[in-house]
Amino acid sequence: MADIRPFCACRPAAGLEKEIAALPYDVYSRKEARAYVEKHPGSFLAIDRAETTLPADLDIYDRRVYEHASEMLHSWIRQGRFIQDPAPCYYVYEQTMGGRTQTGIAACASIDDYDTGVIKKHENTRAEKEQDRINHVDICSAQTGPIFLCYRQNSTIEEVVKKITAQDPVYDFDSDGGVRNRVWIISDPVDCDVIRTAFAGIDSIYIADGHHRCASAVRVGKMRREQNPGYTGQEEFNYFLSILFPENELKIMDYNRTVLDLNGLSVQDFLKKAEESFEIIRLEDGSKAPLPACKGELGMYLDGRWYLLKIRPECKSDDPVAGLDVSILQDRLLAPVLGIGDPKTDSRIEFVGGIRGTKELEVRADNHNGVSFLMHPTSLQELFAVADAGRLMPPKSTWFEPKLLSGLFIHLI
4 MADIRPFCAC RPAAGLEKEI AALPYDVYSR KEARAYVEKH PGSFLAIDRA ETTLPADLDI
64 YDRRVYEHAS EMLHSWIRQG RFIQDPAPCY YVYEQTMGGR TQTGIAACAS IDDYDTGVIK
124 KHENTRAEKE QDRINHVDIC SAQTGPIFLC YRQNSTIEEV VKKITAQDPV YDFDSDGGVR
184 NRVWIISDPV DCDVIRTAFA GIDSIYIADG HHRCASAVRV GKMRREQNPG YTGQEEFNYF
244 LSILFPENEL KIMDYNRTVL DLNGLSVQDF LKKAEESFEI IRLEDGSKAP LPACKGELGM
304 YLDGRWYLLK IRPECKSDDP VAGLDVSILQ DRLLAPVLGI GDPKTDSRIE FVGGIRGTKE
364 LEVRADNHNG VSFLMHPTSL QELFAVADAG RLMPPKSTWF EPKLLSGLFI HLI
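First residue of the sequence shown: 4, per this note's numbering; consecutive thereafter.
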């Protein structure tokens, strides 16, 4: 049973939502973040990446960075740039991109559900990335970046959302990338009870994106429990900021790979080794990227041209992890042929979200005389199967678009 409860969000004052809302902190490099904040000083990125308004030579993990973030956040609250709803609410958050709409519910999820496996993960986290957000959440006493969760379609929740979205939204604005964002407030206690009860009947909730933010929020909650041995379990630090979407409205994009060299092999020797696990189809027009039509197909850009690869039947697997296309590519080609033993740490491999397009794959491969792979997207059903089995996907297996904006909902703890 999932404990998904309403909360009193801190959110932008009317008219400031477009100025404040920002893409997640981790989609920017340090240079990109600083440049963006210089152009948009009122953006929430100035709080999420507080080093952007401090001396450029300061370590981004210096405690002063997090203290500065806290000062800015609470200053903006005092100035009235943020307001806080007086009673716990749920919030409907709708995003429309490229003609497709996904509608989620902003709420707070239980750290205990994360520990017991009601909230399921499919990726490992890295300690240094966790520590960054632990410091940010703890020193700010606020969760500022929502965790992207998904659940299996539920008609009861659908009915409430349909009723609420027939009303006028409190926010309606376009963000970078041509994404339309709309927000409604669910404040009626009856509607809130219906939603909470419906979620309580759901056995499994899945992390789609935000594994590091989630793990960090849980860690801070446990730290606060140690600091408050008489805690009741109802304190805000026992819950973390989330936006939950039904599976039928989500889309996973391809998450592609570029290896920056051929591990000492010639093009012909590499192709010969690749043929052991993949049928390699030389396209008549090698200048155009093939669109992998189904699981088991992928594109490959090598030596200035595109190929279509099909995984050989004997290389496929019914195992939920080993059978993933990204796993087969890693286990059959990247590791044994190209020498990419640990894709999480090897500097010779780069991961490219599908939103960047195939031209990016060509440029990266050409610049390094390497090879790029265009993947068929991992499916939500594959994600569920891995998480239900208590297993983990290889790194960079899923890319969700559009990204959830930060700064629209803040959970004070």
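Glycine is no exception: its CB is placed at the ideal position from the N, C-alpha and C atoms.
Which residues DSSP lists as bridging residue i, in chain order
{"i": "Ala112", "result": "Ile7, Phe243"}
{"i": "Asn259", "result": "Val355"}
{"i": "Arg14", "result": "Ile86"}
{"i": "Leu415", "result": "Ala145"}
{"i": "Val329", "result": "In DSSP, Val329 forms no bridge with anything."}
{"i": "Leu152", "result": "Ile210, Leu247"}
{"i": "Asn184", "result": "Gln98, Phe176"}
{"i": "Ser350", "result": "Ser350 is not bridged to any residue."}
{"i": "Ile343", "result": "In the DSSP output, where bridge partners are listed per residue, Ile343 has none listed."}
{"i": "Ser409", "result": "Ala25"}
{"i": "Lys123", "result": "Tyr209"}
Best match in the options for proximity to residue i [C-alpha to C-alpha]
{"i": "Ser382", "options": "Gln170, Arg84, Gln230, Val324", "result": "Val324"}
{"i": "Gln230", "options": "Asp141, Gly267, Ile167", "result": "Asp141"}
{"i": "Ala203", "options": "Tyr174, Ala59, Asp6", "result": "Asp6"}
{"i": "Trp402", "options": "Trp187, Gln237, Asp321, Ala211", "result": "Ala211"}
{"i": "Gln156", "options": "Thr106, Pro398, Asn251, Thr200", "result": "Asn251"}
{"i": "Asp264", "options": "Lys347, Val340, His71", "result": "Val340"}
{"i": "Phe376", "options": "Ser350, Leu312, Ala338, Leu327", "result": "Leu312"}
{"i": "His125", "options": "Gly393, Leu411, Ser409, Glu404", "result": "Gly393"}
{"i": "Val70", "options": "Ala49, Asp60, Gly326", "result": "The identity of residue 70 in the sequence shown is Glu, whereas the question assumes Val. That would be Ala49, whose Cα lies nearest to the Cα of Glu70."}
{"i": "Phe47", "options": "Pro172, Lys362, Arg308, Trp79", "result": "Trp79"}
{"i": "Cys143", "options": "Phe240, Arg359, Glu97, Pro397", "result": "Phe240"}
{"i": "Asp334", "options": "Ile283, Ala277, Ala368", "result": "Ala277"}
{"i": "Pro321", "options": "Asp194, Val389, Asp135", "result": "The residue asked about is misnamed: residue 321 is Asp in this sequence, not Pro. Residue Val389 is the option with its Cα nearest to Asp321."}
{"i": "Thr261", "options": "His371, Asp171, Leu244, Leu274", "result": "His371"}
{"i": "Leu76", "options": "Ala53, Met303, Lys275, Pro9", "result": "Ala53"}
{"i": "Lys420", "options": "Ala36, His43, Ala12, Thr99", "result": "No answer is possible for residue 420: it lies beyond the span of the chain, which begins at 4 and ends at 416."}
{"i": "Ser290", "options": "Val221, Lys362, Val40", "result": "Lys362"}
Span of the alpha helix (DSSP H), counted from its first residue to its last, around residue i
{"i": "Val197", "result": "192-203"}
{"i": "Glu229", "result": "214-230"}
{"i": "Asp141", "result": "130-143"}
{"i": "Arg367", "result": "361-371"}
{"i": "Lys164", "result": "In the sequence as displayed, the identity of residue 164 is Val instead of Lys. Start and end: 158-167."}
Residue span of the beta strand (DSSP E) that contains residue i, given as start and end
{"i": "Val30", "result": "Here Val30 belongs to no beta strand (DSSP E), and DSSP marks it neither H nor E."}
{"i": "Ile23", "result": "Ile23 -> not in any beta strand (DSSP E); alpha helix (DSSP H) instead, spanning 20-23."}
{"i": "Phe387", "result": "No beta strand (DSSP E) holds Phe387; the alpha helix (DSSP H) holding it covers 383-391."}
{"i": "Asp177", "result": "174-178"}
{"i": "Val374", "result": "374-378"}
Start-end ranges of the beta strand (DSSP E) lying completely within the region 36-106, minimum 3 residues: 85-87, 93-100
Take every Cβ of the region 255-267, pair it with every Cβ of the region 157-166, and state whether three or more of those distances are shorter than 8 Å. no
Going along the chain, which unbroken runs of the alpha helix (DSSP H) with 4 or more residues stay wholly within the region 269-321? 270-277
So, do the region 186-206 and the region 378-392 have three or more beta carbon pairs nearer to each other than 8 Å? no
Using 8 Å as the cut-off, can you tell me whether the region 108-117 makes contact with the region 177-184, which would need three or more C-beta pairs spanning the two stretches below that distance? no
Three or more C-beta pairs below 8 Å linking the region 30-42 and the region 89-104: no
Touch test, the region 13-27 against the region 80-93, Cβ-Cβ under 8 Å, three pairs minimum: yes
Would you call the region 362-371 in contact with the region 294-301, where contact means no fewer than 3 C-beta pairs closer than 8 Å? no
Touching or not, the region 279-289 and the region 342-355, by the rule of three or more beta carbon pairs under 8 Å? no
At least 3 beta-carbon pairs within less than 8 Å: the region 216-231 vs the region 127-141: yes
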